[in-house]
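J.: Those protein sequences? They're chains A and B, same order as listed. Just so we're aligned: the first sequence equals residues 1 to 243 in the numbering used here. Just so we're aligned: the second sequence equals residues 244 to 486 in the numbering used here. We treat Cβ as the ideally placed atom computed from N, Cα and C, and that holds for glycine. Keep in mind it's a predicted model, so treat the numbers as computed, not measured.
2 protein chains.
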Amino acid sequence: MPTAKSARQTTRETAPRKRRPRDSLSRAVILEAAEKIAERDGLEGLTFGALGTELQAHSTSIYRHFRDKDELVLELIDSLRARSYGSELVSTGDWRDDLRLISRLIHEHYLRYPAFAMQMAARTTRRPTEFKNVEFALDAFRRAGLEDDEAVVATRVFGNFTRAVSALEASLQVLPDEERTMDELAWAVEYRHLSADDYPNIHRVADKLRPVGDPRLFFDGVEMLLESVEARIAAKKRKKRAK
Amino acid sequence: MPTAKSARQTTRETAPRKRRPRDSLSRAVILEAAEKIAERDGLEGLTFGALGTELQAHSTSIYRHFRDKDELVLELIDSLRARSYGSELVSTGDWRDDLRLISRLIHEHYLRYPAFAMQMAARTTRRPTEFKNVEFALDAFRRAGLEDDEAVVATRVFGNFTRAVSALEASLQVLPDEERTMDELAWAVEYRHLSADDYPNIHRVADKLRPVGDPRLFFDGVEMLLESVEARIAAKKRKKRAK
DNA sequence: TGCAGATAGTCAGAGGCGTTGACTTAGGGT
DNA sequence: ACCCTAAGTCAACGCCTCTGACTATCTGCA
Chain A
1 MPTAKSARQT TRETAPRKRR PRDSLSRAVI LEAAEKIAER DGLEGLTFGA LGTELQAHST
61 SIYRHFRDKD ELVLELIDSL RARSYGSELV STGDWRDDLR LISRLIHEHY LRYPAFAMQM
121 AARTTRRPTE FKNVEFALDA FRRAGLEDDE AVVATRVFGN FTRAVSALEA SLQVLPDEER
181 TMDELAWAVE YRHLSADDYP NIHRVADKLR PVGDPRLFFD GVEMLLESVE ARIAAKKRKK
241 RAK
Chain B
244 MPTAKSARQT TRETAPRKRR PRDSLSRAVI LEAAEKIAER DGLEGLTFGA LGTELQAHST
304 SIYRHFRDKD ELVLELIDSL RARSYGSELV STGDWRDDLR LISRLIHEHY LRYPAFAMQM
364 AARTTRRPTE FKNVEFALDA FRRAGLEDDE AVVATRVFGN FTRAVSALEA SLQVLPDEER
424 TMDELAWAVE YRHLSADDYP NIHRVADKLR PVGDPRLFFD GVEMLLESVE ARIAAKKRKK
484 RAK
């Protein structure tokens, strides 16, 4: 039974796969298939086995083109990023709207590929898209009225917030359904039943508590950061006038 | 060779393990062993196999006490959390310092167990420590002068920021050394070489750019969030006085 | 024209993981 | 004294990544 050489048929359905023509595989072809799978089944569906069937090739053929899975995933992340945003990043003229725009784009991108979010957030790719983002945010904070030093810190804090919180939300989406709904229900139900003695504040606001994954929270956070910048600038102006 | 029943010796070293006495295993015992392993080898070292050897028990015995690995990990996370900063969470009297305190404690905790950081950040454990944190933050924001609705949003934003950014930093620590140093160097070197035409702002502030993982950025972010709360309260006071 | 090498695709399998179902044995209740 | 039940054990399944040997095919060179 395990003698592989036996059957050779033209049916190309039940028979053992025909050998793929030489040079029909390449990094690009593999990445395309990987993207398809990732979009369809998420990151946990992206296995060498799945890639093999998708490509109609033997799974281990991929090792001829990528050293290991990590190399494949990193490459995939960068190609997704380039495709997803980059063209839409055009200044509105208003520094607040610019920062809202870039954070929204990144947020959307992370949620579109939630399985990759953590990797995207943590790793530096050092490619044009990344440079453009930094430049864009720096420029906005400068136009807001921050000094160079302040703008650098603000850019980094803002960027870390955007990427980290987006990744957090994305990771919630990736959880198996059962766990996610349990977690979400917890806020609605379990928090309501805490005693008023031990948890007076929670007890009082239990109705208003939002689940951690509430998407509005991201934008609330962005607004808070913007407000803090505005406050700092206002303080600066007051000081100047006092002189 | 694989006949397991053969040798029975008193050496308790080379011989096949003796059966563990009944009821010598329990959730608590298993969690203790799991914590030991996690501290020593990280999360990827925490397998049922490792747990088995650590406990001198068969790996699958654990299934008598935990439904699956997820349940075990969640329980572990909460016990780590309780031990790590359950006792230190005492109000200072000042709402700002309280928020600085809790965010610092969580930040430190995440960096102490970087392998768990992402799970800790994303999952709701619905256990006392978690309730206490929410109650503590809610109370601080209320004392700052926010209304209930505002305090709820602020608590969530603040919590998401703290957990997400801490998890991001932790995940950097977990990266293989080679990749991490490459990423860090990039900020110092590569960003300096960008053209002044394409990236005028980056070019100007290149010296001041900090790597994404710079630990000060976390606390800068906390201060920005505090400032935004202060600004909102100040605005509220002004409005009141104007009446 | 034909042969040698290199190289891309194939395959079996090693070794790791979580999880399951059948088993064995020890202790407690009647 | 018995048996029943639950805790611990074990073999095995199915999935994963990755390796080393194999084999077919294409390219360059005589």
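Have a look at residue 435 of chain B and residue 441 of chain B and give me their C-alpha separation to the nearest angstrom.
T.: 13 Å
J.: At a cut of 8 Å, does the segment 345-353 of chain B reach the segment 399-418 of chain B through at least three beta carbon pairs?
T.: Contact between the segment 345-353 of chain B and the segment 399-418 of chain B is present, because at least three Cβ pairs lie under 8 Å.
J.: Let me know the secondary structure DSSP gives residue 388 of chain B once reduced to three states.
T.: coil
J.: Run through DSSP, which three-state label would residue 308 of chain B get?
T.: Residue 308 of chain B falls in the coil class under three-state DSSP.
J.: Apart from the five residues on each side of it in sequence, which residues of its chain come closer than 6 Å, Cβ to Cβ, to residue 373 of chain B?
T.: none
J.: Between the Cα of residue 317 of chain B and those of B:366, B:466, B:467, spot the shortest distance and give me the residue it belongs to.
T.: B:366
J.: My assumption, with CB atoms under 8 Å, is that residue 152 of chain A sits in contact with residue 453 of chain B. Please give the rounded CB distance.
T.: 7 Å
J.: Using a Cβ-Cβ cutoff of less than 7 Å, which residues in the same chain neighbour residue 439 of chain B once the five nearest sequence positions on both sides are dropped?
T.: Excluding residues within five positions, the ones whose Cβ falls inside 7 Å are 446.
J.: Between residue 229 of chain A and residue 449 of chain B, what straight-line distance do the alpha-carbon atoms span, to the nearest angstrom?
T.: Whole-angstrom Cα-Cα distance: 21 Å.
J.: Which residues in chain A sit within 7 Å of residue 374 of chain B, going by Cβ to Cβ distance?
T.: Going along chain A in sequence order, the residues near residue 374 of chain B (Cβ under 7 Å) are 194, 199, 202.
J.: Could you please tell me which residues of the segment 60-90 of chain A, in chain order, have their CB closer than 8 Å to any CB of chain B?
T.: none
J.: Following the continuous alpha helix (DSSP H) through residue 49 of chain A, name the residue where it begins and the one where it ends.
T.: 48-55
J.: Which ranges would you report for the alpha helix (DSSP H) in the segment 397-463 of chain B if only whole runs of at least 4 residues count?
T.: You should have 420-431, 443-448.
J.: Who are the Cβ neighbours of residue 469 of chain B in its own chain at under 7 Å, not counting the five residues just before and after it?
T.: Setting aside the 5 residues that flank it on each side, residue 469 of chain B is surrounded in the same chain by 339, 342, each with a C-beta closer than 7 Å to its C-beta; the list follows chain order.
J.: Is the distance from the Cβ of residue 332 of chain B to the Cβ of residue 375 of chain B below 8 Å?
T.: yes
J.: Do residue 81 of chain A and residue 109 of chain A have their beta-carbon atoms positioned less than 8 Å apart in this structure?
T.: Yes, the Cβ-Cβ distance between residue 109 of chain A and residue 81 of chain A is below 8 Å.
J.: Closest to residue 416 of chain B by C-alpha separation, out of B:354, B:370, B:334, would be which residue?
T.: B:354
J.: Looking at the C-beta of residue 120 of chain A, does it have a partner C-beta in chain B at a distance below 8 Å?
T.: No - not a single Cβ of chain B is within 8 Å of the one on residue 120 of chain A.
J.: Report the rounded CA-to-CA distance for residue 70 of chain A versus residue 389 of chain B, giving the unit in angstroms.
T.: Using only the alpha carbons, I get a separation of about 46 Å.
J.: For the alpha helix (DSSP H) containing residue 261 of chain B, list its first residue and its last residue.
T.: Run containing residue 261 of chain B: none; DSSP gives neither H nor E here.
J.: Of all the options B:322, B:363, B:391, which has the alpha carbon lying nearest to the alpha carbon of residue 371 of chain B?
T.: Selected option, being the one with the closest Cα: B:322.
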